[in-house]
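Written below as structure tokens is the structure these notes are about.
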Amino acid sequence: MKDPVEDQVKSRRAVQKPKDFRRRDRRRNQCKQEKLQDTQLVSSACKSLVFPARPGYGQLGTKCLVKANHFLADISASDLSHYNVKITPEVTSRKTSKAIIAELVRLHRNTDLAMKLPVYDGGRNLYTAGLLSFAYKEFTILLREDDEGTGSTREREFEVVIRFAARVSMNQLRELLSGKQVDTPQEALTVIDTVLRELAAQSYVSIGRFLYSPDLRKPQQLGGGLESWCGFYQSIRPTQMGLSLNIDMSSMAFIEPLPVIDFVAQILGKDVLSKPLSDADRVKIKKALRGVKVEVTHRGSFRRKYRITGLTSQPTRELNFPVDEKMNMKSVVDYFQEMYGYTIIYSHLPCLQVGSQKKVNYLPMEACKIVGGQRYTKGLNEKQITSLLKVSCQRPREQETDILQTIHQNDYEYNPYAKEFGISIDSKLASVEARVLPAPWLKYHETGREKEYLPQVGQWNMMNKKVINGSTVRYWACINFSRSIQESTARGFCQQLVQICQISGMEFSQDPVIPIYSAKPDLVKKALKYVHSAVLDKLGGKELELLIAILPDNNGSLYGMIPSHSNTSSPLASLHDHSYHDRGDLKRICETDLGLISQCCLTKHVFKINRQYLANVALKINVKMGGRNTVLLDALSWRIPLVSDIPTIIFGADVTHPESGEDPCPSIAAVVASQDWPEVTKYAGLVCAQPHREELIQDLFKCWKDPHHGIVYGGMIRELLLSFKKATGQKPLRIIFYRDGVSEGQFYQVLLYELDAIRKACASLEPSYQPPVTFVVVQKRHHTRLFSNNHDDRNSTDKSGNILPGTVVDSKICHPTEFDFYLCSHAGIQGTSRPAHYHVLWDENNFTADEIQSLTNNLCYTYARCTRSVSVVPPAYYAHLAAYRARFYMEPNVHEIAKSRGARSKDESVRPLPALKEKVKNVMFYC
């Protein structure tokens, strides 16, 4: 999921005609089919598309006041001026570009710039308050800069051309803030953002919209030569209260400014001063140091800076280099002694290589120190991630204090750039009216002591309750992949798990079909095939229904930990599918080859059996096997507005992109949809691979010409609509679509493309079938935080000090005209809760604010994997889990093949994922 503010809302354009869709699909190798498709299907393209206006404000719930990390910004009414900047020779470094313009302003502010103080974005854009005295002017600027290759300082001459581009009108911004439905004036917001960042960027390390400094808070060591720096996020947003400056705290890993030898010792975790390095050590150091900037320490106060390009394969004492054209050689040790009077002590260590490939310079490690302020861009290990999370995890009171301190330190009142442009920032957190929505009643099985339950503060447990629809597990087996678990221990664990499943209301056979099978972790495929066939043989052709797999704790990174949507690790962190490479193999083989449902458990939970853990595993097994854990009481009594009245299907969709280290790998899209009505609790899921970093879901609807069957329709939406009808006996007459992970700059594009796909999927079933659609984007990667108005009032906070679950805000800090709201549906665990931001982009069902807010909040209590309300509406959460799971369906060598090919273009075809087996895709296999 992306930061919703990284791509700001682009101006809305007229909806593209169907030919534009054909052009887009042509890129995806579907041109022939699309022409046929458009002749037969009703296109949903219309002449214009406007996001729905807010239908009013919600009234449901207990009213309260909260504080938000938004600060009211006021700007003078004057129009601003935009100038284009061209620097010759061309400069690729933003830092250098900024230094050139800073020198220009220093030299010419009192003359050519007529005392104006411009702001510059480091690229092609320069802004001023009012007009400069010229429309076009050329300047010559001399700049002294360090050459990181040679370590020397050089003076370069640049020609700078400043040309008037346009006036930046504030009128449209004023209209938007007054409540008129107009396009978001992006350029005006960009100018204000640039102005407010200008001064801070001169003294902080700027990374995207974040600014970091070691002075905000003392850096904390993360291990391995890294430390965390505190920083803050800053962005200007149009809201109902006016312009708002959103400030949020952040932590980032930086390389510690250590002597290189100390850094190397930390990387390797051992003493390097006395023993030579192994080849493996050298590879590890080279990877960690490449690209890092260092300064020399052997020349007193003269500290030249270099960027490391490599590491020598030989120790320093063996290194020689030519000193003249006659190729007379000198050793590095002798050179440093004769040239600088410096005796190299640790000559058994390799040298750092700096400079270009043509002229390589050698620097002894002991004579170099890492330059401070360098962000660490490589992957963190598990220990470092834990340390960073610990540092950045702040209680609400602490986070609020740090945000206010940041506002105070930034001192916008005396910021010369803010003054120049007439911008003032309030120093108080915005006080916002909120409401706490009531928790829904939950229905459990009639045979339990508690048949109905009203959750308190977003959490409950399964004591005295039985799942409303218990599944049946007749044929199960267990494979033990852990060398440290004896068969008797594994058997005892399975017996207790079976017992808890039975107590929970499931029909579960007491004994496995075959004895517990022990296998080596590197023989996953062989073990699965053996157990599957052994059960088939014993049952005379009947298949295994459930596999329990016991895995080692020392799981690597391939399957990893499923990222949680909540403010901290999930309440089911221990149940998340941890594992090493073979665990990914396990899920892939089970779900795409054997059609087998599996439940994995870690060794540590088998050794130390905990009833709460077993109860949570039982919940997962029940839904994986087709059962339901709980249902909203209002659903069973037909009382959910715009859901209970007619057959309604609720979709969730998400796209997960590969991490930066996996760069050419495909993105994975997932769509889930409810398969029961009126309960809306069971969700079937489908997944597909699509081009790298493509956010639009490509396989929502497909059409192709078959030589035998003519035109054939398919795609995830169509398949899920058909499975809904098969499961319920009725076709959906209403569609609610929750779309996760879309940034504001992609709203229009995603809605246009995906709404059209939904329309075409419906029309492919029946030409006149067009159920009304509500399309809601769900965002978690935003930076709005809500705090209790009084941290000492225990009635207004949960145990963690966060606002109460069910807190909803749809005024003041929300969009001036559009239909959005913030909902904190979960109880905090640790740190500061992050509310989900819901933005209704299309609404043919005419939801009121109360109806969509209440539905979304109530659904958060139906999440199948735990007895807690969750932070994101479950269909969106399930889509995220399914997409994450599908990454392991790619064959193990796909990652390596993709990397070897380099960055793939979006036009290049993507290898499809292996298909899910029918038995798997109709249940919640991803839980």
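The sequence shown begins at 1 in the UniProt record's numbering and counts up by one.
Where is the CB? At the ideal position from N, CA and C, for every residue including glycine.
Note that the structure is a prediction, hence the values are computed from the model and not measured.
Q. Among all the DSSP beta bridges, which residues are the ones paired with S674?
A. Y683
message = As an exercise, report each continuous alpha helix (DSSP H) stretch of at least 4 residues that is fully enclosed by the stretch 599–639, in chain order.
response = 603–607, 611–624 and 633–636
Margin query: Just to confirm, is the Cβ distance from P364 to H298 under 9 Å?
Written below: yes
Continuous beta strand (DSSP E) stretch holding T128: start and end
N125 to A129
task = Using the Cα positions of E818 and P707, report the straight-line distance between them to the nearest angstrom.
result = 48 Å
C-alpha gap between S484 and I503, whole angstroms
29 Å
Q. When you compare each of F821, L189, L273 and R54 to G179 by their alpha carbons, which one comes out closest?
A. R54
query: By Cβ distance, which residues of its chain are closer than 8 Å to Y83, with the 5 residues on each side in sequence left out?
result: P118, N125, L126, Y127, T128, L132, I162, R163, F164 and A165
Item checked: Cβ distance (whole Å) where R435 is taken to contact T62 below 8 Å -> 6 Å
Check: Does the distance from the CB of F421 to the CB of L80 come in under 9 Å?
Finding: yes
*Tell me whether I479 is buried or exposed, calling it buried when 16 or more other Cβ atoms sit within 10 Å of its Cβ.*
buried
### Query
Is it true that the CB of V923 sits closer than 9 Å to the CB of G626?
yes
* Where does E719 sit, in a helix, a strand or coil, going by DSSP? -> helix
Start-end ranges of the alpha helix (DSSP H) lying completely within the stretch 111–184, minimum 4 residues: 171–177
Query - Top-ranked residue by Cα proximity to residue 928, from Q240, L142 and L199 - result: With the chain running from 1 to 927 in the structure shown, residue 928 is simply not present.
Alpha-carbon spacing of A727 relative to Q675, whole angstroms
6 Å
Requested in this report: Examine the Cβ distances between the stretch 682–696 and the stretch 711–721 and report whether three or more of them are shorter than 8 Å.
Outcome: yes
Give me the DSSP bridge partner(s) of C762. C762 is not bridged to any residue.
query: Does DSSP put C494 in a helix, a strand or coil?
result: helix
request  = Please report how far the alpha carbon of L454 lies from the alpha carbon of L442, in whole angstroms.
outcome  = 6 Å
key: Cut-off 7 Å between Cβ atoms - residues of its own chain near S331, not counting five sequence neighbours on either side   = L319 and N320
Exercise. Can you tell me whether F210 is buried or exposed, with buried defined as 16 or more other CB within 10 angstroms of its CB?
Worked result: buried
Discussion item. In the DSSP output, what is R307 paired with across the bridge?
Written reply: K293
Straight-line Cα distance separating G801 from A653: 32 Å
Exercise. Counting only runs of 4+ residues fully inside the stretch 206–282, write out the alpha helix (DSSP H) ranges in chain order.
Key: 260–268
Exercise for review: Sort out for me which residues DSSP pairs Y412 with in a bridge.
Suggested key: In the DSSP output, where bridge partners are listed per residue, Y412 has none listed.
Q.
Restricting to Cα atoms, I'd like to know which of R639, L388, A439 and S854 is closest to G223.
A. L388
Does the distance from the CB of V432 to the CB of S811 come in under 9 Å? yes
*Give every residue of the same chain whose Cβ lies closer than 6 Å to the Cβ of R395, excluding the five residues on either side of it in the sequence, and list them in chain order.*
G801
Problem set entry | Beta-carbon proximity list for Y738, same chain, < 6 Å, skipping 5 on both sides | G652, V776, V778, V873, P875 and A876
Considering Cα atoms alone, identify which of Q186, F71 and L841 is closest to L755. L841
Can you tell me whether E766 is buried or exposed? The criterion is at least 16 other CB atoms within 10 Å of its CB, across all chains shown. exposed
Discussion item. Just to check my reading of the structure: P772 and R734 have Cβ atoms closer than 8 Å, yes? What is that Cβ distance to the nearest angstrom?
Written reply: 6 Å
- Query: Taking one C-beta from the stretch 821–833 and one from the stretch 794–809 each time, how about it: are there three or more such pairs within less than 8 Å?
  - Reply: yes
For K98, three-class secondary structure by DSSP = helix
* To do: Consult DSSP for Q746 and reduce its assignment to one of helix, strand or coil.
  => helix
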